[in-house]
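J.: The structure is given below, and queries will be raised subsequently.
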Amino acid sequence: MLEGTASFVVFSPKGEVLARHELCAQGPLRGLEIPPNTWHSVVAVEQAATFLEVKQGPYQPLSTEDVASWAPAEGEPQVADFLQRLKHCRIGDKFHE
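In our numbering, the protein residues as written are 7 to 103.
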């Protein structure tokens, strides 16, 4: 975490919250390793939140398979509600119907 605070949420392939980690630039948790091919999302807790995500190369643009079926795609009207749910979700919550 470079600036501010953000919550990182890890999901099962079916959209169940498996873990939630709050990272803060001031510590104690500033970094997190998420295994490849793990569904995850991040939501800012503070207005100004900056983090660095590092992936093994070479770079490949996201494809439609890289968006979970239980999450709205970028720009869809449901995104605002999804982000609000992310801010308050707990382990065991389900993001699928």
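Glycine residues also receive a C-beta, built at the ideal position from the N, C-alpha and C atoms.
1. Could you spell out where the alpha helix (DSSP H) holding Arg-2 opens and where it closes?
2. Which term fits Val-23, buried or exposed, when burial requires 16 or more other beta carbons within 10 angstroms of its beta carbon?
3. Straight-line CA distance for Phe-88 to Pro-64?
4. Less than 8 Å between the CB atoms is what I'm expecting for Leu-58 and Ala-31, so what's the real figure, rounded?
5. So Ser-13 and Lys-100 are supposed to be a Cβ contact under 8 Å. How far apart are they, rounded?
T.: Once the coordinates are examined:
1. Residue 2 cannot be examined here, being either before or after the span of the chain that is shown, 7 to 103.
2. Residue mapping note: residue 23 aligns to position 17 of the sequence shown, counting from 1. Buried, by the Cβ-count rule.
3. Here residue 88 refers to the residue found at position 82 when the sequence shown is read from its first residue. Here residue 64 refers to the residue found at position 58 when the sequence shown is read from its first residue. So the alpha carbons of these two residues sit roughly 30 Å apart.
4. Counted from its first residue, the sequence shown places residue 58 at position 52. Counted from its first residue, the sequence shown places residue 31 at position 25. Not confirmed; about 11 Å, so no contact.
5. Taking the first residue of the sequence shown as position 1, residue 13 is located at position 7. Taking the first residue of the sequence shown as position 1, residue 100 is located at position 94. Not confirmed; about 17 Å, so no contact.
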